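Remarks on the structure that follows.
Number of protein chains: 2
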Amino acid sequence: MVIIEGGVTAAKGFKASGIHCGIRKNKEKKDLALICSDTVANAAAVYTKNLVKGAPLTVTKKNIANGKAQAVICNSGNANTCNANGIEIAERMCDITAKALGINAEDVIVASTGVIGQPLDIAPIEAGMGSLVSALGDDSCSAAEAIMTTDTRKKEIAVRFTVDGVECTLGGIAKGSGMIHPDMATMLVFLTTDCAISSAMLEKALKTDVDGTFNMTSVDGDTSTNDMVAIMANGMAGNTEICCEGEALDAFMKALNTVTVWLCRNIAGDGEGATKLLECRVKGGKDLATAKVVAKSVICSSLVKAAMFGADANWGRVLCAIGYSGAEVDVSKVDVSFVSEAGEILVCKDGAGVDFSEEKAKEILLKDEIVIDVTLGDGDAVSTAWGCDLTYDYVKINGDYRT
Amino acid sequence: MVIIEGGVTAAKGFKASGIHCGIRKNKEKKDLALICSDTVANAAAVYTKNLVKGAPLTVTKKNIANGKAQAVICNSGNANTCNANGIEIAERMCDITAKALGINAEDVIVASTGVIGQPLDIAPIEAGMGSLVSALGDDSCSAAEAIMTTDTRKKEIAVRFTVDGVECTLGGIAKGSGMIHPDMATMLVFLTTDCAISSAMLEKALKTDVDGTFNMTSVDGDTSTNDMVAIMANGMAGNTEICCEGEALDAFMKALNTVTVWLCRNIAGDGEGATKLLECRVKGGKDLATAKVVAKSVICSSLVKAAMFGADANWGRVLCAIGYSGAEVDVSKVDVSFVSEAGEILVCKDGAGVDFSEEKAKEILLKDEIVIDVTLGDGDAVSTAWGCDLTYDYVKINGDYRT
Numbered sequence: 264m265v266i267i268e269g270g271v272t273a274a275k276g277f278k279a280s281g282i283h284c285g286i287r288k289n290k291e292k293k294d295l296a297l298i299c300s301d302t303v304a305n306a307a308a309v310y311t312k313n314l315v316k317g318a319p320l321t322v323t324k325k326n327i328a329n330g331k332a333q334a335v336i337c338n339s340g341n342a343n344t345c346n347a348n349g350i351e352i353a354e355r356m357c358d359i360t361a362k363a364l365g366i367n368a369e370d371v372i373v374a375s376t377g378v379i380g381q382p383l384d385i386a387p388i389e390a391g392m393g394s395l396v397s398a399l400g401d402d403s404c405s406a407a408e409a410i411m412t413t414d415t416r417k418k419e420i421a422v423r424f425t426v427d428g429v430e431c432t433l434g435g436i437a438k439g440s441g442m443i444h445p446d447m448a449t450m451l452v453f454l455t456t457d458c459a460i461s462s463a464m465l466e467k468a469l470k471t472d473v474d475g476t477f478n479m480t481s482v483d484g485d486t487s488t489n490d491m492v493a494i495m496a497n498g499m500a501g502n503t504e505i506c507c508e509g510e511a512l513d514a515f516m517k518a519l520n521t522v523t524v525w526l527c528r529n530i531a532g533d534g535e536g537a538t539k540l541l542e543c544r545v546k547g548g549k550d551l552a553t554a555k556v557v558a559k560s561v562i563c564s565s566l567v568k569a570a571m572f573g574a575d576a577n578w579g580r581v582l583c584a585i586g587y588s589g590a591e592v593d594v595s596k597v598d599v600s601f602v603s604e605a606g607e608i609l610v611c612k613d614g615a616g617v618d619f620s621e622e623k624a625k626e627i628l629l630k631d632e633i634v635i636d637v638t639l640g641d642g643d644a645v646s647t648a649w650g651c652d653l654t655y656d657y658v659k660i661n662g663d664y665r666t
Numbered sequence: 264m265v266i267i268e269g270g271v272t273a274a275k276g277f278k279a280s281g282i283h284c285g286i287r288k289n290k291e292k293k294d295l296a297l298i299c300s301d302t303v304a305n306a307a308a309v310y311t312k313n314l315v316k317g318a319p320l321t322v323t324k325k326n327i328a329n330g331k332a333q334a335v336i337c338n339s340g341n342a343n344t345c346n347a348n349g350i351e352i353a354e355r356m357c358d359i360t361a362k363a364l365g366i367n368a369e370d371v372i373v374a375s376t377g378v379i380g381q382p383l384d385i386a387p388i389e390a391g392m393g394s395l396v397s398a399l400g401d402d403s404c405s406a407a408e409a410i411m412t413t414d415t416r417k418k419e420i421a422v423r424f425t426v427d428g429v430e431c432t433l434g435g436i437a438k439g440s441g442m443i444h445p446d447m448a449t450m451l452v453f454l455t456t457d458c459a460i461s462s463a464m465l466e467k468a469l470k471t472d473v474d475g476t477f478n479m480t481s482v483d484g485d486t487s488t489n490d491m492v493a494i495m496a497n498g499m500a501g502n503t504e505i506c507c508e509g510e511a512l513d514a515f516m517k518a519l520n521t522v523t524v525w526l527c528r529n530i531a532g533d534g535e536g537a538t539k540l541l542e543c544r545v546k547g548g549k550d551l552a553t554a555k556v557v558a559k560s561v562i563c564s565s566l567v568k569a570a571m572f573g574a575d576a577n578w579g580r581v582l583c584a585i586g587y588s589g590a591e592v593d594v595s596k597v598d599v600s601f602v603s604e605a606g607e608i609l610v611c612k613d614g615a616g617v618d619f620s621e622e623k624a625k626e627i628l629l630k631d632e633i634v635i636d637v638t639l640g641d642g643d644a645v646s647t648a649w650g651c652d653l654t655y656d657y658v659k660i661n662g663d664y665r666t
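Here the protein sequences line up with chains A and B, keeping their order.
In case it helps, the numbering used here puts the first sequence at residues 264 to 666.
In case it helps, the numbering used here puts the second sequence at residues 264 to 666.
In structure tokens, the structure reads:
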């Protein structure tokens, strides 16, 4: 498997585009993205578990109930959530897109991201659709840009892999940044592949993967109302359709996981105001659930996050977060190390502090990617969670988001 | 019932003191507090549910297992937690205190607050005990100061009330500021009363009260390792001992609740870096558990907290936090208003936005105390939670706490 250029247009038969249509006031910022497949594709999606759900999610859920989709339409700048006419607007978005592409409205995945509770005007979307469709091409980058909100960089990746000797491609784009927390923790991820795989296997693969990736990523502990991870598989690679478990599905899942882990790390590292990517690796858990709960608790602790921002080796806060995680852990067996490209340092052994060089710890924690390595000593379950530091800029960005 | 001066020394037969003994480097900051009763008192305490527990909690739990105590010794600057010799040091603190006061070591409540995982040196405590005992008097204020960590102001209050025609007094001191989250959310609260009440009733009253007060207070979502609320009742007011439920217990619980709610509001309003006290009042819950979960979820949301810091009426984040709280709520029935001394404004009705004056909302949200009023429309259960805004200073304080 190799990482290649191209995001959502790397796989055969997919085109994408992104434009500024006028939902956002800032004309420099794109606000409407389109991804489409030459043929109707098998499709699956996973949605936020927030009871307050964006109207686009309801419409998407209905549209891909049959396991099929051909296009994704997504705007930024407005979440189309908690609005009286939300469903109607989301359906209009599908209709307009379908008409412009000459496809069925029921084959459109619709998504919105941005401020909650302000009516979304359909006019700029309607007016911009012609340009959006004309712009369709290999340009995954414009689509990746058009779904960004407070993200500081676009997130796109693709991989090439082999299924039964046939070369397949899988790629994706994501927007993240704020309101990121299990479950789900994305906000929006769109994946495309030319691999032939049944709708049922596609859904299974996506759900399994999301549990260990997007559901283990937290920026700020707030689970969004509009989270969605959607995947389309158009089969144009020409492999025999994956219809059951086995080597072919394993190869597909490995490719999927490579893409999603990369996106998670980039969502976390580009969290609102973040200066560092934090990764909590838990080993020695008595079971997977325990390892996951511990990893998430550490990565979500405001105090751990602020300490990492300050490059302060305050491991007591890591222990504290393990202690209140709700997991059954024998604290007297817990070891904690901090790891980065500058090295590794053990700071806590068997639940108590050990002598360590503060200077060396500082050097390690001043890097951009920090691993908090936790060993529970209770078994062999492992889990990884991703997050970021808590900074002045997080407060700045969220102190006045709407204006 | 009236609020009076005097904190933990307002009730008959209680003395207190606070000094700098040398645990902290800064000589301006007191770091050792003592509270004692003239006679052995009935006592009860509630502790953190964090699995990582400070050594002092273990020792206190053992010492008041018989429902009796006569003194509280508490240091700041070091939590005596996650240290190999923690229990030994905590027991030494009790011994030294008991010897100096001429009481039993088993009647001492011991507590520590500060950094986790650094050995606590007994020497300065031993050396300072003489001065600490000599300083005992009506000075609740020095004790309140000596337990502070990043608190910016001391927290003490007392009330006078009547039980069966006999005048009683109940007072308390608290330290809060960071690592504050249900359950418990304090870090340390010491209460004294001269009311005669059995150990069993005292424990019952305290546990019941804490569920609606300290367990509904969150500064940063991190549950401390050293939280403790302890109360001593020496019976010196001379009322008939409260041994069962009834009017007398009701009067006691009302006094207790007045003191604890005041302390909660002050802990929240003086949360690390806070510029505002936030209060979330939930009405119309289908049951108490639902109302509580919703109130806590709103008050804990980093995004709501940052919006309040910025005086931004971003009510979508309140809805979002209700939606991911885990409570069963019909979002289409939810109303949200913001309230302060500048007025009240409805921003969300039946789960959707309403037109409101942004100018008026700003005026309301610029005040120091903000109420987020949530109506669920599902029943008549109510609950209140307390918290604070998320600010640049929270990040600053916690980015480099240890140095």
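Yeah, the Cβ is synthetic: ideal placement off N, Cα and C, and Gly gets one too.
Since the model is a prediction, treat every value here as computed from it, not as a measurement.
Task: Assigned secondary structure, Ile420/B (DSSP; H/G/I helix, E/B strand, else coil) - done: strand
Task: Rounded straight-line distance, which links the Cα of Leu628/A to that of Lys331/A - done: 46 Å
- [ ] Compute the distance between the beta-carbons of Asp656/B and Gly548/B, then report whether it is under 9 Å.
- [x] no
Open item on the list: Whether or not the segment 313-323 of chain B and the segment 371-391 of chain B are in contact is what I'm after, with contact meaning three or more pairs of Cβ atoms, one per stretch, closer than 8 Å; do they touch?
Closed with: yes
Task: Enclosing alpha helix (DSSP H) for Lys260/A [first to last residue] - done: Residue 260/A falls outside the range modelled here, since chain A spans only 264 to 666, and no answer is possible.
TODO: Could you please tell me which residues of the segment 544-574 of chain A, in chain order, have their CB closer than 9 Å to any CB of chain B?
DONE: Cys563, Ser564, Ser565, Leu566, Val567, Lys568, Ala569, Ala570, Met571, Phe572, Gly573, Ala574
TODO: Note down, one range per segment and in chain order, each beta strand (DSSP E) of at least 3 residues found wholly within the segment 464-528 of chain A.
DONE: 491-496
TODO: Give the secondary structure of Ala448/A by DSSP, where H, G and I count as helix, E and B as strand, and everything else as coil.
DONE: With a pLDDT of 46 at Ala448/A, under the threshold of 50, the predicted position of this residue should be treated as unreliable, though the coordinate-derived value follows. It is coil, neither helix nor strand.
Open item on the list: Going by C-alpha to C-alpha distance, which of Ala644/A, Gly573/A, Glu591/A sits closest to Gly662/B?
Closed with: Gly573/A
Task: Which of helix, strand or coil DSSP assigns to Cys431/A - done: strand
TODO: Counting only the same chain and skipping the five closest in sequence on each side, list residues whose C-beta sits under 7 Å from that of Lys612/A.
DONE: Asp598
Task: Chain-ordered residues of the segment 320-349 of chain B with a beta carbon less than 8 Å from chain A - done: Ala342, Thr344, Cys345, Asn346, Ala347
Task: Beta carbon proximity, Tyr587/B to chain A, threshold 9 Å - done: yes
Task: Burial state of Lys517/B (16 or more Cβ within 10 Å) - done: exposed
Open item on the list: Counting C-beta neighbours from all protein chains within 10 Å, is the total for Thr432/A 16 or more, i.e. buried, or is it exposed?
Closed with: buried
Task: Span separating the alpha-carbon of Val594/A from that of Cys345/B - done: 9 Å
TODO: For Val637/B, I'd like the list of residues in its chain whose CB is within less than 6 Å of its CB, leaving aside the five on either flank, ordered along the chain.
DONE: Val545, Val599
Open item on the list: Below 8 Å on the Cβ atoms is my contact criterion, and I expect Val422/B with Gly650/B to pass it. Report the Cβ-Cβ distance as a whole number of Å.
Closed with: The Cβ separation is near 24 Å, so there is no contact.
Task: Beta-carbon gap between Met356/B and Ile385/B smaller than 9 Å - done: yes
Open item on the list: Report the CB separation of Gly270/B from Gly435/B in whole angstroms; it is logged as a contact under 8 Å.
Closed with: 7 Å
Open item on the list: My output table needs one value for Arg355/B: the three-state DSSP class, helix, strand or coil.
Closed with: helix
Task: Cβ pair Asn497/B, Ser300/B closer than 9 Å - done: yes
Task: Residue-level contact to chain B via CB, Ala448/A, 9 Å cutoff - done: Bear in mind that a pLDDT of 46 at Ala448/A, under 50, signals an unreliable position, so the number given afterwards is only what the model happens to contain. It does not: the Cβ of Ala448/A has no partner Cβ on chain B nearer than 9 Å.
- [ ] Determine, using beta carbons only, whether Gly588/A and Val561/A come nearer to each other than 9 Å.
- [x] According to the sequence provided, residue 588/A is Ser. The question's Gly does not apply to it. Yes, the pair counts as a contact, with Cβ atoms nearer than the cut-off.
Open item on the list: Could you tell me the alpha carbon to alpha carbon distance between Leu566/A and Ala624/A, rounded to whole angstroms?
Closed with: 17 Å
Open item on the list: Tell me whether the segment 287-294 of chain A and the segment 505-515 of chain A touch, counting them as touching only if at least three CB pairs, one residue from each stretch, are closer than 8 Å.
Closed with: no
Task: Thr360/A burial status per 10 Å Cβ neighbour count (16 or more: buried) - done: buried
Task: Assigned exposure category for Met447/A - 16 Cβ within 10 Å defines buried - done: Unreliable placement is indicated for Met447/A, whose pLDDT of 48 sits below 50; the coordinate value is still reported in the next sentence. It is buried - the Cβ of Met447/A has at least 16 other Cβ atoms within 10 Å.
- [ ] Assign Gly536/A to one of three DSSP states: helix, strand, or coil.
- [x] coil
TODO: Would you grab the beta carbon distance between Val265/A and Ile420/A for me? Rounded to a whole angstrom, and I think it's under 8 Å.
DONE: At roughly 12 Å, the Cβ-Cβ gap does not stay under 8 Å, so Val265/A and Ile420/A are not in contact.
- [ ] Taking all protein chains shown into account, decide if Ser403/B is buried (16 or more other Cβ within 10 angstroms of its Cβ) or exposed.
- [x] buried
TODO: Would you please verify whether the beta carbon of Val473/A is less than 9 Å from any beta carbon of chain B?
DONE: no
TODO: Starting from the beta carbon of Ala644/B, find every residue of chain A whose beta carbon is closer than 9 Å, and list them in chain order.
DONE: Per Cβ cutoff of 9 Å: no residues; Ala644/B is ~18 Å from chain A at best.
Task: DSSP beta-bridge partners of Asn305/A - done: Lys331/A, Ala496/A
TODO: Give every residue of the same chain whose Cβ lies closer than 7 Å to the Cβ of Ala570/B, excluding the five residues on either side of it in the sequence, and list them in chain order.
DONE: Asn577, Arg580
- [ ] Kindly give me the distance between the Cβ atoms of Ala363/B and Gly340/B, rounded to whole angstroms, as I take these residues to be in contact under 8 Å.
- [x] So it is not a contact: roughly 20 Å between Cβ atoms.
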